[in-house]
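*Asks:*
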Amino acid sequence: MPTLEYEVRDSRRRTRTMTAFREEGRLVVVVPEHMTTRQRRALIPGLVERYLAKEARQRPPRGDEEITARAVELYRSYIAPHTEQPEPVIGARWVSTMASRWASCTPSTGEIRVSDRLQTMPAWVLDYVLLHEVTHFVEREHNTRFWRLVNAHAESPRARGFLEGVDFVKRTGG
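In terms of UniProt numbering, the sequence shown opens at residue 1 and continues consecutively.
#1: Runs of 3 residues minimum, wholly inside the segment 85-116: which ones carry the beta strand (DSSP E) assignment?
#2: Nearest chain E C-beta to E164 closer than 8 angstroms, yes or no?
#3: Can you tell me whether E164 is helix, strand or coil according to DSSP?
#4: Mind checking whether R140 and P107 have CB atoms under 8 angstroms apart?
#5: What are the boundary residues of the beta strand (DSSP E) that F21 is part of?
#6: Is the separation between the beta-carbon of D10 and that of E33 shorter than 8 angstroms?
#7: Could you have a look at E7 and say whether DSSP puts it in helix, strand or coil?
#8: What's the C-alpha gap between L130 and D167?
#9: State buried or exposed for P81, treating a residue as buried only when at least 16 other CB atoms are found within 10 Å of its CB.
#10: Buried or exposed, going by whether 16 or more other CB atoms sit within 10 Å of the CB of G91?
#11: What residue does the alpha helix (DSSP H) around R145 start on, and which one ends it?
Below, the structure written as structure tokens:
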């Protein structure tokens, strides 16, 4: 079996636990800064093995076909050309329980939940929201790279303004 390469990062904030996640397609392990070399050699392989087993068990996210297809298309058009990360399995679905957000996602599972309030809005607004969420699959923070990827879509500023207007009307009553 080939050896899996992974990056180990020290964390001052972590005091007792370790974590693993994917970033740009590679596995990253974060450990407490004070952990000794002996502890690292003993514990990290087990964490990596558990992470890979969990990753293999995960089922594709549930999704509504049409909105999932649109999210995949946006990922391929706007995100894939700018990353070497393998394309995630994406599943998007409408939810009726979102009162304060337009959408949310879980990058580790590829699941996107979209407020059903967007069903009555123009397609370019939905595209902006979906693009925002699929961008989180490669950039979790709202940093410069994130906004550069999102703003590559010509309608992003217009859609953001549209949603801000909808929020304003909701807050102020008109």
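Yeah, the Cβ is synthetic: ideal placement off N, Cα and C, and Gly gets one too.
Since the model is a prediction, treat every value here as computed from it, not as a measurement.
*Replies:* This is what the structure holds:
#1: 91-95, 103-106, 111-115
#2: Of the protein chains in this structure there is only one, and it is not chain E.
#3: helix
#4: yes
#5: 19-23
#6: yes
#7: strand
#8: 18 angstroms
#9: exposed
#10: buried
#11: 144-150
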